[in-house]
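Beneath this line is the structure, given in structure tokens, with notes to follow.
Numbering (my numbering), first residue to last: 1268 to 1701.
Given below as structure tokens:
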């Protein structure tokens, strides 16, 4: 069952949700620039640096079920407003984190931001699924994805401009060559550059939370209770949902690896401006979402789009593993670059993963929520918990890359794309046996 707004009343709610998706896309994909930045500021190894992503995404596991209760208590609109308030609080915590230069305070700030995004995601994704026909849900989520990932393209560029504009001469090699006192002063100067941008983001989130609270965004009516022969059902009884949670776990893991480690890979290959590299991955994701908006469900079903995404992900992963840091043929093919090879092939393949990843999220949600009616809020919370893949799988990448090298670490993605392919082919068709 879905609740569809009349066409003349649908533009404003979609516009409001679009603003939300843009804002939390900007916040989420700041991590791609923040990780190599804090790796330098806090003098971290690769595994430690990826704890920044871990603390952000683990909030989706710890807070998903509590946030589902908040959603059930407050309704969709109020839940989104509360989520924005939590994001504002988390961003404000970056100020004492920067002043103290304590890595633990940065991790706490990331956790609070992730908690706010958990509530936003728990409310906004099922809202988009339920607000119109189920067969076109992937197209609606793709539209939001274009806004979300467009913000992701901008976030590393804006971060670099605001935080590193006057400090682009600082890098790990130059810091290592400084005297201890001079090095500490440089690191302190770097950390303090975070305060003004994050204070501005916190204020913007707070204002948006108040505006949303008093906006005309309609709440959706409650779905009828789902039962079978008078017996109340549980979300745990639906294998297509459980399989969907595992699929999202794998997907978010590879999405975060593609977006948040490309800068670290660039640093390992000694490329300049590594805080901007996430923008390449996100640009391909925008392209993928745009293709999804055009093709799904007009020419491709949600399952077909999901299968094609998984196959492309496997191709790109094998491309990363089989490429040489000295080669730039893929860059020349994609962008027409030659000679200096602006992006070595391993980095270009990681960027291309954005195209492979784009349609997985919008395809899995409607497939996993199909037929769940009143169980949708709890099912949504379980799906949100699948975002834990973004916390755990990048740590696996970090451990592998420290042991076997930055390129070899991407082998962790092969079973993940295999799981996504399985869900498209068979997993989404599993149903509760009578």
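Glycine included, every Cβ here is placed at the ideal spot set by N, Cα and C.
Return the Cβ separation of residue i and residue j in integer angstroms, given the expectation that the two are a contact with Cβ distance under 8 angstroms.
i, j, result
"residue 1529", "residue 1617", "5 angstroms"
"residue 1650", "residue 1526", "Between residue 1526 and residue 1650 the Cβ distance is about 20 angstroms, and since that is not below 8 angstroms, they are no contact."
"residue 1361", "residue 1322", "Contact doesn't hold; Cβ gap of about 13 angstroms is too wide."
"residue 1374", "residue 1318", "6 angstroms"
"residue 1564", "residue 1592", "So it is not a contact: roughly 41 angstroms between Cβ atoms."
"residue 1324", "residue 1654", "6 angstroms"
"residue 1392", "residue 1647", "6 angstroms"
"residue 1551", "residue 1418", "Wrong, their Cβ atoms sit about 15 angstroms apart, outside the cutoff."
"residue 1300", "residue 1426", "4 angstroms"
"residue 1502", "residue 1642", "5 angstroms"
"residue 1421", "residue 1293", "7 angstroms"
"residue 1586", "residue 1572", "Not a contact, Cβ separation roughly 21 angstroms."
Using only CA atoms, which one of the options lies nearest to residue i?
i, options, result
"residue 1546", "1375, 1519, 1694 and 1615", "1615"
"residue 1225", "1422, 1504 and 1673", "The structure shown has nothing for residue 1225, since the chain only spans 1268 to 1701."
"residue 1385", "1665, 1652, 1597 and 1664", "1652"
"residue 1500", "1290, 1677, 1639 and 1288", "1639"
"residue 1282", "1371, 1413 and 1339", "1413"
"residue 1306", "1293, 1337 and 1320", "1320"
"residue 1291", "1424, 1301, 1317 and 1472", "1472"
"residue 1380", "1366, 1350 and 1480", "1350"
"residue 1553", "1447, 1409, 1286 and 1479", "1409"
"residue 1632", "1699, 1336, 1509 and 1542", "1509"
"residue 1297", "1333, 1534, 1548 and 1400", "1548"
"residue 1630", "1699, 1457, 1556 and 1394", "1556"
"residue 1336", "1684, 1671, 1656 and 1644", "1644"
"residue 1406", "1610, 1611, 1423 and 1628", "1628"
"residue 1665", "1302, 1287 and 1589", "1302"
"residue 1506", "1299, 1334 and 1634", "1634"
"residue 1683", "1531, 1363, 1391 and 1656", "1656"
"residue 1347", "1286, 1642, 1596 and 1599", "1286"
"residue 1543", "1345, 1458 and 1610", "1610"
"residue 1667", "1423, 1588 and 1601", "1588"
"residue 1334", "1316, 1534, 1382 and 1371", "1382"
"residue 1458", "1315, 1365, 1481 and 1560", "1365"
"residue 1674", "1531, 1576 and 1568", "1531"
"residue 1280", "1694, 1394 and 1315", "1394"
"residue 1284", "1345, 1311, 1315 and 1513", "1345"
"residue 1681", "1596, 1562, 1534 and 1524", "1524"
When we look at the beta-carbon of residue i and count the other beta-carbons within 10 Å, is it buried (16 or more) or exposed?
i, result
"residue 1313", "buried"
"residue 1486", "exposed"
"residue 1416", "buried"
"residue 1389", "buried"
"residue 1696", "exposed"
"residue 1304", "buried"
"residue 1483", "exposed"
"residue 1340", "exposed"
"residue 1428", "exposed"
"residue 1397", "buried"
"residue 1295", "buried"
"residue 1463", "exposed"
"residue 1478", "exposed"
"residue 1376", "buried"
"residue 1676", "buried"
"residue 1460", "buried"
"residue 1522", "buried"
"residue 1338", "buried"
"residue 1685", "exposed"
"residue 1672", "exposed"
"residue 1569", "buried"
"residue 1400", "exposed"
"residue 1423", "buried"
"residue 1481", "exposed"
"residue 1669", "exposed"
"residue 1371", "exposed"
"residue 1600", "exposed"
"residue 1308", "buried"
"residue 1576", "buried"
With a threshold of 8 angstroms between beta carbons, is residue i in contact with chain B?
i, result
"residue 1679", "In the structure shown, chain B does not exist; there is a single protein chain."
Stretch pair the region 1325-1336 + the region 1448-1456: three plus CB contacts closer than 8 angstroms: No: fewer than three Cβ pairs fall under 8 angstroms.
The region 1620-1632 contacting the region 1578-1585, beta-carbon criterion three pairs below 8 angstroms: Contact holds: three or more Cβ-Cβ distances are below 8 angstroms.
Contact between the region 1655-1672 and the region 1512-1520 (3+ Cβ pairs under 8 angstroms): Contact check between the region 1655-1672 and the region 1512-1520: three or more CB pairs, one atom from each, fall below 8 angstroms, which counts as touching.
Inter-stretch contact at 8 angstroms, needing at least 3 Cβ pairs: the region 1456-1473 / the region 1344-1360: Segments in contact, yes.
Touching by the beta-carbon criterion (3+ pairs, under 8 angstroms), the region 1531-1550 and the region 1679-1692: No, because fewer than three Cβ pairs between the region 1531-1550 and the region 1679-1692 fall closer than 8 angstroms, the two stretches do not touch.
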